[in-house]
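Asker: Take this structure, written in structure tokens, and hold onto it; I'll ask about it next.
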Amino acid sequence: MRALVKQQAAPGLWLADVPEPRTGPGDVLIRVLRTGICGTDLHIRDWDGWARQAVETPLVLGHEFVGEVAHIGDDVADIRVGDLVSGEGHLVCGKCRNCLAGRRHLCRSTIGLGVGRDGAFAEYVALPASNVWVHQAKVDLDIAAIFDPFGNAVHTALSFPLVGEDVVITGAGPIGIMATAVAQHAGARHVVVTDVSEPRLELARKAGASLALNVSDADLAEAQRELGLKEGFDVGLEMSGRPEAVRDMVDNMTHGGRIAMLGLPAREFPLDWSKIVTSMITIKGIYGREMYETWYAMTVLLEGGLDISPVITARYGYEEFEAAFDEAATARSGKIILDWTV
Ligand SMILES: NC(=O)c1ccc[n+]([C@@H]2O[C@H](COP(=O)([O-])OP(=O)(O)OC[C@H]3O[C@@H](n4cnc5c(N)ncnc54)[C@H](O)[C@@H]3O)[C@@H](O)[C@H]2O)c1
Ligand SMILES: [Zn+2]
Ligand SMILES: [Zn+2]
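So, in structure tokens, the structure goes:
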């Protein structure tokens, strides 16, 4: 089968012929229809410091996908050949304390699809049945392809109650844009989104931001003034991974405010912790998606009319992967979809 492979420990990606994945009795083989390109995939293509320590070559990339079940192992129940499915890209151990308690998103031995094992940028991908999400409700294929990052947005945005609250989202990358739509849909009063990229701020406006602020020449105090806020933001969703964004957020939270942090900083950075203490701010780290509360929430939010389509800004055939990756690497784009059926 054809697959996008990291063949060698060097920058680049290769479209190669590789054997179809083998499946065991508890596994599902999926014919991939569409995939989404993620920042993780860009890191692996570039072969940066993170990728060098996280990835062993050769590796089939990719964790954001939708596909059709092609084969099920003998022990698989409740999934049928032909079902439309996406996959939870975190494979958990099933044995640690958190796994045993049903808190699988807190597993301490998580393996990432397309990072620690062969992924979904291929004609076929295999997953344990417990990682397969069957789309019971009708869903657009492009949207189904990005359930993984949509799940990051939903997990983060629904970490704290939002009804009537003033919310700030730092970072209008694909996940920040989806979180904007979720926060609006979930009943926030104002949703302020910041970025340094105008095209991305424009996408945040399309997704329903009350105010999209370019922080190259302004800060969140300005947003508070414009919206007439007096005591700061109630909830912060950090989706940039940038130290200056975290500091600006902390400076502009209400006392008792709550921050959910998804953005992954590239390195350690100083923060005025005395502000966090004296303002009694709660900070919660977010990793991945809750299995499977987040997946349930995604499905029913879409059924209830949530529209995240503005986040998808281009589609390519898989053979044009170089152009697709280049576009995903610009700070202008939303989500880029690769079609594996062309
Ligand atoms: N915790 C997890 O499970 C998880 C999963 C996926 C992604 N992530 C992280 O979440 C973040 C968002 O993901 P994404 O795919 O949308 O990433 P992205 O890199 O596309 O988006 C980050 C955005 O932040 C913007 N930015 C840069 N400086 C800024 C500043 N000072 N203030 C505000 N915004 C600024 C960038 O222009 C960019 O648009 C990334 O840090 C990513 O590594 C975490
Ligand atoms: Zn991803
Ligand atoms: Zn575990």
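Quick note: the sequence shown uses the UniProt record's numbering, first residue 1, plus one each step.
Cβ atoms here follow ideal geometry from the backbone N, Cα and C, with glycine treated the same way.
Buried or exposed for GLY288, going by 16 or more other Cβ atoms inside 10 Å?
Answerer: GLY288 comes out buried.
Asker: Going by DSSP, which residues form a beta bridge with SER86?
Answerer: Looking at the DSSP assignment, SER86 forms a beta bridge with VAL66, TRP133.
Asker: Taking 8 Å as the cut-off, is the beta-carbon of ASP148 closer than that to any non-hydrogen atom of ligand 2?
Answerer: ASP148: yes, Cβ under 8 Å from ligand 2.
Asker: Measure the alpha-carbon distance for SER197 versus ALA331 and round it to whole angstroms.
Answerer: The alpha-carbon atoms of SER197 and ALA331 are separated by roughly 6 Å.
Asker: According to DSSP, is MET261 part of a helix, a strand, or is it coil?
Answerer: Of the three classes helix, strand and coil, the one that applies to MET261 here is strand, per DSSP.
Asker: With hydrogens ignored, establish whether the beta-carbon of ARG104 is closer than 8 Å to any heavy atom of ligand 3.
Answerer: ARG104 Cβ: within cutoff of ligand 3.
Asker: Answer with buried or exposed for TYR316, where buried requires no fewer than 16 other C-beta atoms within 10 angstroms of its C-beta.
Answerer: Label assigned to TYR316: buried.
Asker: Any chance the CB of GLY36 is under 8 Å from a heavy atom of ligand 2?
Answerer: Checking the Cβ of GLY36 against ligand 2 gives yes.
Asker: Label LYS95 either buried or exposed according to how many other C-beta atoms from any shown protein chain fall within 10 Å of its C-beta, with 16 as the threshold for buried.
Answerer: Exposed, because fewer than 16 other Cβ atoms sit within 10 Å of the Cβ of LYS95.
Asker: Let me check understanding here. Comparing Cα to Cα, which of ALA153, VAL32, GLY12 lies closest to GLU20?
Answerer: The candidate whose alpha carbon is nearest that of GLU20 is VAL32.
Asker: Would you mind stating whether LEU127 and ASP27 have Cβ atoms separated by less than 9 Å?
Answerer: For LEU127 and ASP27, yes; Cβs fall inside 9 Å.
Asker: Name the DSSP beta bridge partners of ARG2, please?
Answerer: Partner(s): ASP17.
Asker: Can you tell me where the beta strand (DSSP E) holding VAL32 begins and where it ends?
Answerer: Counting along the chain, the beta strand (DSSP E) containing VAL32 begins and ends at 27 to 36.
Asker: Would PHE65 pass as a contact of MET298 if the rule is Cβ separation under 9 Å?
Answerer: Contact: no.
Asker: Using the three-state DSSP reduction, which class does ASN253 fall into: helix, strand or coil?
Answerer: Per the sequence shown, residue 253 should be read as Met rather than Asn. Here MET253 sits in strand by DSSP.
Asker: Tell me, to the nearest whole angstrom, how far the beta carbon of GLY236 is from that of MET253; I am working on the premise that it is less than 8 Å.
Answerer: With a Cβ gap of about 6 Å, GLY236 and MET253 count as contacting.
Asker: Buried or exposed: PHE269, going by 16 or more other Cβ atoms within 10 Å of its Cβ?
Answerer: Answer is exposed; the Cβ neighbour count stays below 16.
Asker: State the beta-bridge partners of THR282 as determined by DSSP.
Answerer: According to DSSP, THR282 bridges with ARG258.
Asker: Is it true that the stretch 147 to 161 meets the stretch 171 to 182, where meeting means three or more beta-carbon pairs spaced less than 8 Å apart?
Answerer: As far as the Cβ criterion goes, the stretch 147 to 161 touches the stretch 171 to 182, which means the pair count is three or higher.
Asker: Could you tell me which residues DSSP puts in a beta bridge with GLY112?
Answerer: Paired residue(s): HIS90.
Asker: Buried or exposed: HIS255, going by 16 or more other Cβ atoms within 10 Å of its Cβ?
Answerer: With fewer than 16 Cβ atoms within 10 Å of its Cβ, HIS255 is classed as exposed.
Asker: I need the boundaries of the alpha helix (DSSP H) containing GLU202, first residue and last residue.
Answerer: Start and end: 198 to 206.
Asker: Near TYR124, what residues of its chain come up, given a Cβ to Cβ distance below 7 Å and the 5 sequence neighbours on each side ignored?
Answerer: Closer than 7 Å at the Cβ level, and outside the excluded window around TYR124, lie MET1, GLU20, PRO21, LEU29, ILE30, ARG31, VAL32, ALA70.
Asker: When burial is assigned at 16 or more other CB atoms within 10 Å of the CB, is MET239 buried or exposed?
Answerer: Buried: at least 16 other Cβ atoms inside 10 Å.
Asker: Helix, strand or coil: how does DSSP classify GLY151 here?
Answerer: The answer is helix: DSSP assigns GLY151 an H, G or I state.
Asker: In chain order, which continuous runs of the beta strand (DSSP E) of length 3 or greater are located wholly inside the stretch 268 to 312?
Answerer: Segments of the beta strand (DSSP E) lying fully in the stretch 268 to 312: 282 to 285.
Asker: With DSSP collapsed to three states, give me the class of ILE146.
Answerer: The answer is coil: DSSP assigns ILE146 none of H, G, I, E or B.
Asker: Rounded to a whole number of angstroms, what is the C-alpha to C-alpha distance between TRP273 and ALA218?
Answerer: The straight-line gap from Cα to Cα measures roughly 23 Å.
Asker: Could you spell out where the alpha helix (DSSP H) holding GLY49 opens and where it closes?
Answerer: Note, GLY49: alpha helix (DSSP H), 49 to 54.
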